[in-house]
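Engineer: In our numbering, the protein residues as written are 17 to 277. Cβ coordinates follow ideal geometry from the N, Cα and C atoms, glycine included.
1. Would you call the stretch 140 to 159 and the stretch 96 to 115 touching, i.e. three or more CB-CB distances under 8 Å?
2. Whole angstroms is fine: what's the gap from residue 74's alpha carbon to residue 37's?
3. Please report how far the alpha carbon of residue 270 lies from the alpha carbon of residue 235, in whole angstroms.
4. Have a look at residue 15 and residue 160 and give me their C-alpha separation to the nearest angstrom.
5. Quick one: grab the DSSP three-state call for residue 79.
6. Shortest alpha-carbon distance to residue 228 belongs to which of 26, 212, 29 and 242?
7. DSSP three-state label for residue 268, please.
8. Determine the burial state of residue 129: buried for a count of at least 16 other Cβ atoms within 10 Å of its Cβ, exposed for fewer.
9. Go ahead and pull the three-state DSSP assignment for residue 187.
10. Quick check on residue 118: buried or exposed, where buried means 16 or more other Cβ atoms within 10 Å of its Cβ?
11. Rounded to whole angstroms, what is the Cα-Cα separation between residue 220 and residue 205?
12. Would you mind sorting residue 224 into buried or exposed? The rule is 16 or more other CB atoms within 10 Å of its CB.
13. Classify residue 19 as helix, strand or coil using the three-state DSSP reduction.
14. Where are the beta strand (DSSP E) runs, 3 residues long or more, that stay fully inside the stretch 32 to 80, in chain order?
15. Since residue 25 and residue 54 are thought to touch, with beta carbons under 8 Å apart, how far apart are those beta carbons, to the nearest angstrom?
16. What separation, rounded to the nearest whole angstrom, lies between the Cα atoms of residue 251 and residue 244?
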């Protein structure tokens with residue numbers, strides 16, 4: 017079994033780490049062996065305190081996810097959340113997941129808000145999920161979720177002449193255990209449309225999965241996440257870098273402990 021230390025992030029080709037404030041103490045991320053940290057948005061109540069973000073930004077490139085339809089990050093309305101962020105923090109501009117938006121916020125138009133936010137932000141990353149064409153039109157680093165079409169999509173962008181930056185986000189599990197992989201990211205993969213359609217109804221989506229469900233999930237976690245030994249993940253990230261991905265962002269699906277020495 018591979019022994020994990022902080023250095024394995026770099027060895028696996030991970031350029032940045034995504035942090036979920038509801039799952040980890042983000043202040044501990046200063047010890048990770050990466051140059052960039054991206055703080056996910058999980059609701060206004062879970063945005064880290066400015067002092068914590070400033071501390072992180074003093075040693076790493078920190079980016080805070082800002083859903084442009086949400087109060088506090090709406091460039092056409094309440095943008096007080098931007099004002100509260102330290103000057104050293106960059107932005108990841110996204111439409112915003114409905115799970116973290118009120119009914120009123122979810123009704124707000126994305127396009128004008130995203131364009132306004134890009135115009136007001138220096139060097140933003142722009143989350144492409146669900147708004148791929150709009151994200152490309154407004155510019156900035158294109159921030160995509162890893163999927164079974166990522167290689168084709170990135171090659172298409174580069175062939176078409178896109179010379180901007182591309183970042184790819186994926187859950188990360190450095191382990192030789194298939195059960196550990198399934199427990200960590202099986203449910204995540206199962207929420208992707210093609211996987212959901214292929215799974216038998218009511219089948220478990222973790223290590224309890226058997227027969228067809230397990231076969232579907234075994235492939236799905238490799239399509240939508242970075243899983244396996246350090247060497248296996250490094251092969252995947254090398255390929256992503258080779259085709260034109262600038263930044264591979266790993267979300268530690270089992271927490272930060274495995275990567276802290």
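Structural biologist: On the basis of the data shown:
1. yes
2. In a straight line, the C-alpha of residue 74 is about 19 Å away from that of residue 37.
3. 19 Å
4. Within the shown structure, residues of the chain are numbered from 17 to 277, placing residue 15 beyond reach of any answer.
5. strand
6. 212
7. strand
8. buried
9. Residue state, collapsed to three classes: strand.
10. exposed
11. 12 Å
12. exposed
13. Any reading at residue 19 must be qualified, since the residue scores a pLDDT of 47, below 50, and its modelled position is unreliable; the value itself is stated next. Per DSSP, reduced to three states, the secondary structure at residue 19 is coil, with no helix or strand assignment.
14. 32 to 35 and 52 to 55
15. Residue 25 to residue 54, Cβ: 14 Å. No contact.
16. Residue 251 and residue 244: Cα-Cα distance of roughly 10 Å.
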